[in-house]
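In full-length UniProt numbering, the protein residues as written are 1 to 563.
Backbone N, C-alpha and C fix where the C-beta goes; we use that ideal spot for every residue, glycine too.
Worksheet for the structure shown next.
Dropping the structure here:
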């Protein structure tokens with residue numbers, strides 16, 4: 001059925017429906033004089049009996065009438081009676097920034113991110129010039145029309161002292177884009193929007209997915225800090241510095257813009273005058289920011305594992321560095337560095353610590369300064385943003401940890417047939433809680449990661465091992481055995497790389513020439529790989545070779561373990 005409001009006609013048929021929500025529907029319409037296509041928002045007036053909601057609607061309309069910019073969605077016409085309220089808006093039929101990022105693979109390149117930011121900042125410039133702040137800046141509120149990005153949804157916008165002298169107390173917005181002051185429910189200033197801009201820009205560049213749980217609803221956002229609920233988000237924000245992905249270099253000006261936007265203390269955060277004159281708004285990205293230390297793949301994997309354990313255990317890196325800096329000289333030698341890493345992750349081997357140490361010791365003085373340590377461990381993020389399997393597993397672990405959930409009860413809840421294991425469909429139901437938009441083919445690799453024995457089911461033991469991994473209170477967490485297996489793998493690598501003969505190696509260390517390796521002989525072999533390995537750990541490796549449980553390793557046992 002065709003209807004008219006002012007100079008605009010619209011059809012309320014399903015074919016013209018653009019979207020619908022709690023308060024009404026949006027239809028495609030047309031200006032009868034110019035032929036321009038528009039969006040007509042038709043809302044049930046009865047839904048706005050609540051005084052606050054009515055004020056929000058009136059506020060949005062009044063603000064949009066004052067703003068005139070190509071980078072703000074235009075308000076053309078409003079009409080209201082006892083049954084309905086109509087708002088005619090500029091039609092942006094290319095979706096929003098969230099969809100745009102998703103369609104581009106989850107991230108944008110630096111040049112494109114800055115171009116989009118500049119468009120939106122032109123809209124914010126108009127808004128700020130009229131003394132308004134938005135208070136709900138997020139990708140969903142940046143609409144796209146023919147590659148032009150426009151600010152929308154001014155329902156939470158308000159007048160504010162743009163110079164930041166006025167404190168505001170009302171807490172509104174979307175949690176993971178809110179400045180820390182809003183999350184703590186403390187007074188804030190007009191600089192709160194600047195934080196949200198920084199968060200949105202970070203997302204465009206890096207697409208680092210996090211989730212925040214509010215009661216039973218998961219809200220998916222992009223964040224430089226781990227976040228599973230508001231409290232954990234705030235805690236991590238205060239505990240861990242802002243990090244940038246190691247594998248994606250950006251310009252110095254780009255980095256500077258983000259750092260200045262995402263400054264915790266409002267007094268130190270960049271103001272509106274300075275943000276509008278920032279070099280990035282002249283499309284000057286600056287010189288590429290390269291890490292002070294170039295790490296090979298092996299070192300990156302080791303540090304990635306360490307960063308995960310730091311997050312999992314809530315380790316304070318400043319405190320732990322100071323603890324192992326025995327002479328308080330502000331640096332660590334190799335032994336102290338290995339002790340530090342072992343306290344974070346007891347599975348690490350000496351040769352792994354040594355590999356990272358030699359890479360970080362740029363001055364080659366046999367010491368790692370606190371700056372060299374922080375440059376890598378605190379300010380760069382080594383997580384693989386493309387590894388969806390590990391990301392989902394970490395999400396599950398974080399949710400379980402932060403909500404103190406019982407793994408057994410979770411498992412039983414999804415084991416619908418009470419068969420003692422999860423089949424693929426039961427497992428899919430579990431994963432959909434964390435990642436509701438994941439397709440079954442995307443979940444299959446995660447299922448395979450849990451299904452250690454490949455029998456097509458996930459037993460409770462397999463489930464427990466993955467999700468409680470690294471928990472020192474877990475009786476099934478056996479770091480010594482895992483370290484032993486890593487050393488065996490390193491021995492395999494050395495043998496393969498150097499094309500060594502197993503029999504010859506065995507005979508070289510079989511000093512008694514009895515055709516067996518006793519613990520003393522085996523110890524000398526292992527110390528070639530890791531010269532600082534404690535005797536108790538050597539015994540763990542010995543036991544893995546010693547299949548028959550005797551006091552010596554036969555050549556057959558030696559060969560089977562290494563092939």
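For residue i, the first and last residue of its enclosing alpha helix (DSSP H)
i: residue 61; result: 51-66
i: residue 81; result: Segment: none, residue 81 is in no alpha helix (DSSP H) and carries neither H nor E.
i: residue 204; result: 192-206
i: residue 123; result: 110-129
i: residue 319; result: 317-324
i: residue 224; result: Element bounds for residue 224: n/a, residue is neither H nor E.
i: residue 275; result: 272-276
Inter-residue Cα distance where the pair is residue i and residue j
i: residue 537; j: residue 277; result: 59 Å
i: residue 472; j: residue 309; result: Here the model assigns residue 472 a pLDDT of 44, short of 50, so the residue's position is not dependable and the matter cannot be decided.
i: residue 487; j: residue 559; result: 15 Å
i: residue 553; j: residue 505; result: 13 Å
i: residue 372; j: residue 307; result: 16 Å
i: residue 495; j: residue 502; result: 8 Å
i: residue 315; j: residue 458; result: 31 Å
i: residue 565; j: residue 264; result: Since the first and last residues shown for the chain are 1 and 563, residue 565 lies out of range.
i: residue 13; j: residue 30; result: 14 Å
i: residue 339; j: residue 319; result: 14 Å
i: residue 448; j: residue 269; result: 46 Å
i: residue 98; j: residue 407; result: 34 Å
i: residue 4; j: residue 204; result: 39 Å
i: residue 96; j: residue 115; result: 16 Å
i: residue 370; j: residue 376; result: 10 Å
i: residue 413; j: residue 432; result: 14 Å
i: residue 327; j: residue 532; result: 21 Å
i: residue 324; j: residue 361; result: 17 Å
i: residue 481; j: residue 541; result: 7 Å
i: residue 455; j: residue 418; result: 17 Å
i: residue 468; j: residue 397; result: 7 Å
i: residue 429; j: residue 92; result: 36 Å
i: residue 557; j: residue 510; result: 14 Å
Endpoints, the beta strand (DSSP E) within which residue i is located
i: residue 568; result: This structure cannot speak to residue 568, because the chain is shown only from 1 to 563.
i: residue 521; result: That residue, residue 521, is in no beta strand (DSSP E); its alpha helix (DSSP H) goes 519-529.
i: residue 11; result: 8-11
i: residue 143; result: 142-145
i: residue 532; result: Taken as a continuous stretch (DSSP letters only), residue 532 belongs to no beta strand (DSSP E), as it is neither H nor E.
i: residue 150; result: 148-151
i: residue 4; result: 2-5
Nonlocal neighbours in the same chain, by C-beta distance under 8 Å from residue i, ignoring five residues either side
i: residue 241; result: 378 and 379
i: residue 444; result: 424
i: residue 201; result: 113, 117, 257, 258 and 261
i: residue 78; result: 61, 85, 86, 87 and 88
i: residue 421; result: 415, 457, 458, 459 and 460
Same chain, Cβ closer than 7 Å to residue i, five either side skipped, listed in chain order
i: residue 42; result: 24, 25, 27, 84 and 86
i: residue 337; result: 353, 357 and 368
i: residue 492; result: 562
i: residue 66; result: 130
i: residue 341; result: 306, 348 and 353
Collapsed DSSP secondary structure at residue i in the structure displayed
i: residue 445; result: helix
i: residue 561; result: helix
i: residue 298; result: helix
i: residue 288; result: strand
i: residue 218; result: In this prediction, residue 218 scores a pLDDT of 38, lower than 50, which makes its location untrustworthy; the coordinate-derived value is nonetheless stated afterwards. In this structure, residue 218 counts as strand in the three-state DSSP scheme.
i: residue 20; result: strand
i: residue 484; result: helix
i: residue 262; result: coil
i: residue 39; result: strand
i: residue 351; result: helix
i: residue 189; result: coil
i: residue 539; result: helix
i: residue 408; result: helix
i: residue 332; result: strand
Per DSSP, cross-strand counterpart(s) of residue i
i: residue 516; result: 554
i: residue 380; result: 244
i: residue 357; result: Partner(s): none; residue 357 has no beta bridge.
i: residue 44; result: 84
i: residue 132; result: 159
i: residue 90; result: 38
i: residue 343; result: For residue 343, which the question treats as bridged, DSSP gives no partner whatsoever.
Residues of its chain near residue i, where Cβ-Cβ distance is below 6 Å and the 5 sequence neighbours each way are ignored
i: residue 356; result: 299 and 302
i: residue 564; result: Any answer about residue 564 is impossible in this case: the structure gives the chain only from 1 up to 563.
i: residue 11; result: 2
i: residue 141; result: 152 and 153
i: residue 198; result: 258, 261 and 262
i: residue 74; result: 90
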